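Peer 1: To start, I am sharing the structure in question, which I have written as structure tokens.
In our numbering, the protein residues as written are 1 to 146.
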């Protein structure tokens, strides 16, 4: 993934990563890191929810850079991060925001992880629609009251 997709995309755009976020330790999410690190060996800090040499922890409440990056989950670092330990990021430019949920599953989303999601969805005038039925529960967001 890193060599085939990420590096060509960054090169085409003329971009150098300022920070790398890994949602969790499954191979489909961290498989391209070695390729990226070979091109930028010490240039970009890496944040993840798991303990690894050279990684900063991706923990709830952290914020970074000119864009507003807010880590909503996980609350504590783990040795090996599974789906429900995914780094959940809210990225905001002051006008629009996006929520990157990694692979959190329904139980985490409905429970302890993302009460924040429901708050935000209540402010929207449309019903949330999600790309996956497994990880993000359809109807988890209530329709806003107007």
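For glycine and all other residues, C-beta sits at the position ideal for the given N, C-alpha and C.
Note that the coordinates shown come from a computational prediction; the quantities given were computed from them, not determined experimentally.
Measure how close the beta-carbons of residue 81 and residue 47 come, nearest whole angstrom, since I'm counting them as under 8 Å.
Peer 2: So it is not a contact: roughly 12 Å between Cβ atoms.
Peer 1: Tell me the DSSP bridge mates of residue 147?
Peer 2: Residue 147 is absent from the model: the chain starts at 1 and stops at 146.
Peer 1: Taking C-alpha atoms, which residue in 106, 38, 23 and 9 lies nearest to residue 78?
Peer 2: The shortest Cα separation from residue 78 among 106, 38, 23 and 9 belongs to 23.
Peer 1: Where does the unbroken alpha helix (DSSP H) through residue 78 begin, and where does it stop?
Peer 2: Per DSSP, residue 78 belongs to no alpha helix (DSSP H) and is neither H nor E.
Peer 1: In terms of DSSP beta bridges, what is residue 47 paired with?
Peer 2: Partner(s): 21 and 56.
Peer 1: Quick one, which of 67, 53 and 89 has its alpha-carbon nearest residue 95's?
Peer 2: Of the candidates 67, 53 and 89, the one whose C-alpha sits nearest the C-alpha of residue 95 is 67.
Peer 1: Using only the alpha-carbon positions, how far apart do residue 75 and residue 38 sit?
Peer 2: Distance between the alpha carbons of residue 75 and residue 38: 30 Å.
Peer 1: Do you know offhand how far residue 93's Cα is from residue 53's?
Peer 2: Answer to the nearest angstrom: the Cα atoms are 31 Å apart.
Peer 1: My output table needs one value for residue 7: the three-state DSSP class, helix, strand or coil.
Peer 2: Correct three-state label for residue 7: helix.
Peer 1: According to DSSP, residue 100 sits in a beta bridge with which residue or residues?
Peer 2: Beta-bridge pairing links residue 100 to 89.
Peer 1: Decide if residue 16 is buried, meaning its Cβ has at least 16 other Cβ atoms within 10 Å, or exposed.
Peer 2: With fewer than 16 Cβ atoms within 10 Å of its Cβ, residue 16 is classed as exposed.
Peer 1: Report buried or exposed for residue 58, applying the criterion of at least 16 other Cβ atoms within 10 angstroms of its Cβ.
Peer 2: Buried is the call here.
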